[in-house]
Every structure is written in C-alpha cells, then in structure tokens.
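Undergrad: Below is one structure. I have some questions about it.
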Amino acid sequence: MPKSMPIQIAVRSWTRAVKRTVGVSVVALASTILPMAPTVAHDSNTPQGSLTDVNALPPAPGLIFDVVAGEYIMFDTLVERLSGRKYILIGEKHDNPIHHHHQAQLVNALSKSDERERAIVWEMFTRDQQASLEDSWQTLPVSELGPAMAWEDRGWPSWHDYAPIAQAARDNGLMMVAGNLPDDLLKSMISNGNDALPDDLAAKLDLPDMPTEMLDRFNVEIAEGHCNMLPKSMLGGFSAVQFARDASLARAMSDAANIDGIDGAFLIAGAMHVRHSIATPWHLQRYEPELEARDIAIVSLIEADDPGPDASSIEDYAMRFGAPDDIDFMWFTNDIARGDPCQNLGMGQ
0 MPKSMPIQIA VRSWTRAVKR TVGVSVVALA STILPMAPTV AHDSNTPQGS LTDVNALPPA
60 PGLIFDVVAG EYIMFDTLVE RLSGRKYILI GEKHDNPIHH HHQAQLVNAL SKSDERERAI
120 VWEMFTRDQQ ASLEDSWQTL PVSELGPAMA WEDRGWPSWH DYAPIAQAAR DNGLMMVAGN
180 LPDDLLKSMI SNGNDALPDD LAAKLDLPDM PTEMLDRFNV EIAEGHCNML PKSMLGGFSA
240 VQFARDASLA RAMSDAANID GIDGAFLIAG AMHVRHSIAT PWHLQRYEPE LEARDIAIVS
300 LIEADDPGPD ASSIEDYAMR FGAPDDIDFM WFTNDIARGD PCQNLGMGQ
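Per numbering that gives the first Met the number 0, residue 0 is the first one in the sequence shown, and the count goes up by one each step.
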C-alpha cells in the first residue's frame with residue numbers, strides 16, 4: 000500500500016482532543032499456561048457468610064475472562080489491558096449480532112482511549128474489493144455500504160448486524176481494509192493449492208510449507224466444520240485455503256500498519272482465524288519477526304453454554320479452539336437459535 004495518509008486518519012488526528020494511555024504488564028503469551036481457579040466447595044463446613052471465589056464460577060453471558068491473569072474482568076479493565084497493543088484481533092461467530100455489537104463497542108472504546116491509530120481489517124471484504132471499498136467509504140452512509148459491496152449476495156449475515164462496527168470506524172476516522180482472498184481464487188486453490196495464486200499475491204503472502212501439526216489441526220477442524228461429509232482427499236485443499244486466508248489477513252494488517260498516520264490494526268474475523276498458534280497471529284509473527292508477545296492481543300466472542308450441574312470451565316472453552324493459550328480474553332455472550340447445520344447438508348449441492 001502507498002505511504003499516504005487517508006482522509007479519515009487526518010480528520011481523526013486533529014479532532015481527538017484528549018487521549019489517555021494505560022500501561023499494563025503482561026506475562027509473555029508464548030509461554031502462558033492457562034491458570035485455573037480452584038473449585039469452591041459448598042458444604043456444611045463452609046463458614047456462614049464466606050465469600051464465593053468469583054473466578055471459580057462457570058462462564059456466563061456478559062462475563063469477560065482474562066486468560067493470562069486467570070480472572071474475570073470488567074469491560075473498562077479489558078480496554079485498559081488492551082491499550083497500546085499494536086494488533087487487536089476480535090473473533091466472532093458470524094451470525095450472532097451480539098458479537099458485532101461488542102466488536103463495535105471495543106473498537107470505539109479503544110480508539111478513544113489510547114495513542115494508537117489503527118485501521119480495521121475485515122475478513123468479509125476481499126482484496127479485489129479494496130478500491131470499491133475506499134470509494135464507497137468516502138461517499139456512502141454506513142447503512143448503504145454493505146449493499147454497495149454486495150455483502151449479503153456474497154453470503155454474509157445481514158449488513159444491519161455488522162453496520163455498528165463500520166459506524167465505530169467512521170466515528171473514529173479509521174481506515175477500512177479488505178483483507179481476505181478474492182472469492183474467485185478459492186475453488187482453484189482447493190484443486191491446485193498455492194499455484195493458483197497470482198504471482199503478485201503469491202509474492203506478497205510468501206507462503207511457506209504448512210507445518211505438519213498445523214495441517215493436521217486444520218484437517219480435523221475442516222472435516223468437523225463440514226459435518227464430516229467432505230471426502231478426505233479434499234481436506235488438504237481446504238486447509239491450504241485456510242492457511243492462505245490467514246496469511247492474507249495478516250499481510251493486510253501489517254501493510255495497513257505501515258501507512259503514514261496508522262500504527263496498528265484491528266481484525267474483524269471468525270474466531271478460528273484469531274488463534275495465536277495456528278492462524279492470523281502466526282503469520283503476523285512471520286511478517287514482523289520483531290513483534291513482541293504483547294503486541295498481539297486476541298479477544299474472542301464466545302457463546303456461553305446453558306448452565307447445568309456439569310457446566311463447562313474456562314479450560315473447556317479454551318480447548319475448543321485447540322490450545323489453552325490460543326486466546327487472551329474470552330468475552331461470553333448469549334447464543335442464538337439455530338437449526339442443525341448438518342441437517343439436509345449435501346456436498347456438491
């Protein structure tokens with residue numbers, strides 16, 4: 000991307016009158032082991048009036064858990080602990096509008112509270128849409144941006160649900176960046192792998208061979224995500240696409256952070272794209288080897304299970320994403336009513 004200052008960045012630079020920066024000491028994420036709070040015993044020997052250990056309670060909608068610190072925190076504390084981070088990746092479940100409300104809330108709060116000027120990189124916009132995105136962003140109201148970009152025609156949930164994130168970007172003068180691979184590459188990549196990438200994009204992404212353990216994880220997750228109906232022969236191709244998508248998102252974040260007037264980026268993406276050991280952050284470290292552990296922070300919006308006698312623990316939720324320390328902050332929400340995604344699913348239909 001050219002080293003020039005977008006209009007919205009220039010506007011933001013002189014309209015922001017007061018900023019505050021909060022420094023936080025954080026244990027290096029690469030060596031973090033998930034601290035688990037002890038279970039609180041409730042029996043006849045518990046002294047009357049004793050206090051419950053809040054951090055031992057099972058997750059519930061509205062709670063935010065700091066995985067590194069091993070404690071529940073308030074929203075303002077989340078903002079303080081994220082302040083100053085160069086890259087903030089906010090994972091979502093695409094069809095849950097609560098997640099997009101929270102993403103907008105966090106983008107807005109951080110953009111007003113610290114010294115970083117961050118772009119917003121979107122999984123949902125593709126690289127070949129960048130010019131159209133820039134034109135539409137300068138001329139259209141937020142409510143019309145999605146339709147102008149064929150948002151729902153491309154299979155995403157209602158633009159109405161995502162619009163608050165774009166509104167937070169506009170209110171804070173943030174640059175909008177299309178991060179994903181072009182749609183027309185995907186089918187060819189499944190068959191031909193990285194050879195399907197145009198030369199200029201292949202050079203930009205500079206994809207290495209995928210580590211075996213990463214390929215194995217992707218294969219399992221993609222099989223399960225397709226209700227175990229994909230032929231095994233196709234899993235490698237789908238995994239190659241996932242690997243390249245993560246690289247594309249990371250490259251877009253790094254490129255945006257090097258534009259004059261910008262020194263960081265948010266990422267709005269599905270939760271499986273925002274995991275330290277396997278997804279977009281892995282590629283960020285590849286593109287910027289000098290990054291320190293605290294330069295990258297992951298906030299994942301997670302639907303809390305129904306409460307019950309065998310309620311899931313923080314560790315249970317962490318392992319659903321593959322590793323205990325792949326996420327820094329878990330922000331729990333309600334789920335939404337859904338049908339069985341595997342019912343009537345037929346590959347090739």
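Positions of the beta carbon are idealized from the N, C-alpha and C atoms, including for glycine.
Counting only the same chain and skipping the five closest in sequence on each side, list residues whose C-beta sits under 8 Å from that of Arg126.
TA: Cβ within range, chain order: Ala177, Gly178, Asn179, Leu180, Pro181, Leu200, Ser247 and Ala251.
Undergrad: For Leu109 versus Leu144, is the C-beta distance shorter than 9 Å?
TA: No, the Cβ-Cβ distance between Leu109 and Leu144 is not below 9 Å.
Undergrad: Going along the chain, which residues of its own chain have a beta-carbon closer than 8 Å to the beta-carbon of His282, five neighbours each way excluded?
TA: Result list for His282: Asp245, Ala246, Leu248, Ala249 and Arg250, in chain order.
Undergrad: Tell me whether Glu79 is buried or exposed, calling it buried when 16 or more other Cβ atoms sit within 10 Å of its Cβ.
TA: Flag for Glu79 reads buried.
Undergrad: Could you give the first and the last residue of the continuous beta strand (DSSP E) run that contains Ala317?
TA: Segment Ile313 to Arg319 is the alpha helix (DSSP H) holding Ala317; no beta strand (DSSP E) there.
Undergrad: In angstroms, rounded to a whole number, what distance separates the CA positions of Ala256 and Ala118?
TA: Going by the C-alpha atoms only, they are around 7 Å apart.
Undergrad: How would you call Pro340, buried or exposed, if buried means at least 16 neighbouring beta carbons within 10 angstroms?
TA: Under this definition Pro340 is an exposed residue.
Undergrad: Within the continuous alpha helix (DSSP H) that includes Val240, where are the two ends?
TA: Counting along the chain, the alpha helix (DSSP H) containing Val240 begins and ends at Lys231 to Ala256.
Undergrad: Just to confirm, is the Cβ distance from Gly90 to Leu290 under 9 Å?
TA: No; because the gap between Cβ atoms is not below 9 Å, this pair is not in contact.
Undergrad: Hey, could you find the ends of the beta strand (DSSP E) Met329 is sitting in?
TA: It spans Phe328 to Thr332 - the beta strand (DSSP E) in which Met329 sits, taken as one unbroken run.
Undergrad: For His275 versus Asp325, is the C-beta spacing smaller than 9 Å?
TA: In this structure, Asp325 lies closer than 9 Å to His275 by Cβ.
Undergrad: Looking at the secondary structure, which residues open and close the alpha helix (DSSP H) in which Asp160 lies?
TA: Residues Trp158 to Asp170.
Undergrad: Among the candidates Ser131, Val53, Asp160 and Ile164, whose CA atom is the shortest distance from the CA of Ala149?
TA: Considering only alpha carbons, the answer is Ser131.
Undergrad: Pick from Pro230, Asp259, Val298 and Glu287: whose alpha carbon is nearest that of His272?
TA: With distances taken between Cα atoms, His272 lies closest to Val298.
Undergrad: Since Ala292 and Pro57 are thought to touch, with beta carbons under 8 Å apart, how far apart are those beta carbons, to the nearest angstrom?
TA: The Cβ separation is near 28 Å, so there is no contact.
Undergrad: Rounded to the nearest angstrom, what separates Gly69 and Ile63 at their Cα positions?
TA: The straight-line gap from Cα to Cα measures roughly 11 Å.
Undergrad: Apart from the five residues on each side of it in sequence, which residues of its chain come closer than 7 Å, Cβ to Cβ, to Glu122?
TA: Around Glu122: Gly178, Asn179, Leu248, Ile267, Ala268, Gly269 and His272.
Undergrad: Rounded to whole angstroms, what's the CA-CA distance from Ala29 to Val67? Just pull it up for me.
TA: At Ala29, the pLDDT of 33 sits below 50, so the modelled position is not reliable and the matter cannot be decided from this model.
Undergrad: With DSSP run on the structure shown, which of helix, strand or coil describes Ile297?
TA: Strand.
Undergrad: DSSP puts Arg117 in a beta bridge; with which residues?
TA: Answer is Gly263.
Undergrad: Where do the ends of the alpha helix (DSSP H) carrying Leu173 lie?
TA: That residue, Leu173, is in no alpha helix (DSSP H); it is neither H nor E in DSSP.
Undergrad: What separation, rounded to the nearest whole angstrom, lies between the Cα atoms of Ile189 and Val120?
TA: If I take the Cα positions, the gap works out to 24 Å.
Undergrad: Can you have a look at Ser238 and say buried or exposed, based on whether 16 or more other CB atoms are within 10 angstroms of its CB?
TA: The residue is buried, with at least 16 neighbouring Cβ atoms inside 10 Å.
Undergrad: Please state the DSSP three-state secondary structure of Gly338.
TA: Of the three classes helix, strand and coil, the one that applies to Gly338 here is coil, per DSSP.
Undergrad: Taking the Cβ atom as the reference point for each residue, do Asp262 and Arg153 lie within a distance shorter than 9 Å?
TA: Cβ distance not < 9 Å, so Asp262 and Arg153 don't count as in contact.
Undergrad: Say yes only if the C-beta of Ala303 is nearer than 8 Å to one or more non-hydrogen atoms of the ligand ADP, and no if none qualify.
TA: The model on display carries no ligand, and the ligand ADP is accordingly not part of it.
Undergrad: Helix, strand or coil: how does DSSP classify Arg84 here?
TA: Coil.
Undergrad: Leaving out five residues on either side along the sequence, give the residues of the same chain with a beta carbon under 6 Å from the beta carbon of Asn218.
TA: Contacts found: Leu234 and Ser238.
Undergrad: Report the rounded CA-to-CA distance for Leu88 versus Met228, giving the unit in angstroms.
TA: Going from the Cα of Leu88 to the Cα of Met228 covers about 30 Å.
Undergrad: Return the CA-CA distance between Lys203 and Asp65, expressed in angstroms with no decimal places.
TA: Whole-angstrom Cα-Cα distance: 34 Å.
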